[in-house]
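Trainee: One structure is given below, represented as structure tokens, and several questions about it will come after.
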Amino acid sequence: MGNSCSGIVDYLKYLGGLLTSGTSITNSTNITYITPISFIINSLKANRYNITLNTTITT
Numbered sequence: 384m385g386n387s388c389s390g391i392v393d394y395l396k397y398l399g400g401l402l403t404s405g406t407s408i409t410n411s412t413n414i415t416y417i418t419p420i421s422f423i424i425n426s427l428k429a430n431r432y433n434i435t436l437n438t439t440i441t442t
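Everything in the sequence shown is counted per my numbering, starting at 384 for the first residue and increasing by one.
Here it is in structure tokens:
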């Protein structure tokens, strides 16, 4: 099971990006790649997707 497309939020619960991939180089080293949400939104708008963000994060 992977974590790809998981939302990454900060301590104020703002969505900062989406986890896109990761790898384990060694047993003690992991690399995780996150795509900034601003890049995703701008890419969608540039391709004429009409998006509206309505989110609620609960703990």
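In this text, a Cβ means the ideal position worked out from N, Cα and C, and glycines have one as well.
These numbers come from a predicted model, not from an experiment.
#1: If you measure between the beta carbons of residue 412 and residue 400, is that distance less than 7 angstroms?
#2: Is the CB-CB distance between residue 420 and residue 398 below 7 angstroms?
#3: How many angstroms separate the CA atom of residue 409 from the CA atom of residue 389?
#4: Check the C-beta distance from residue 404 over to residue 387 and give it rounded, since I have them as a contact under 8 angstroms.
#5: May I ask which residues mark the beginning and end of the beta strand (DSSP E) holding residue 407?
Mentor: Well, looking at it:
#1: Cβ atoms of residue 412 and residue 400: not closer than 7 angstroms.
#2: Yes. Within cutoff.
#3: C-alpha separation (whole angstroms): 23 angstroms.
#4: With a contact defined as Cβ atoms closer than 8 angstroms, residue 404 and residue 387 qualify at about 6 angstroms.
#5: Element bounds for residue 407: 398-409.
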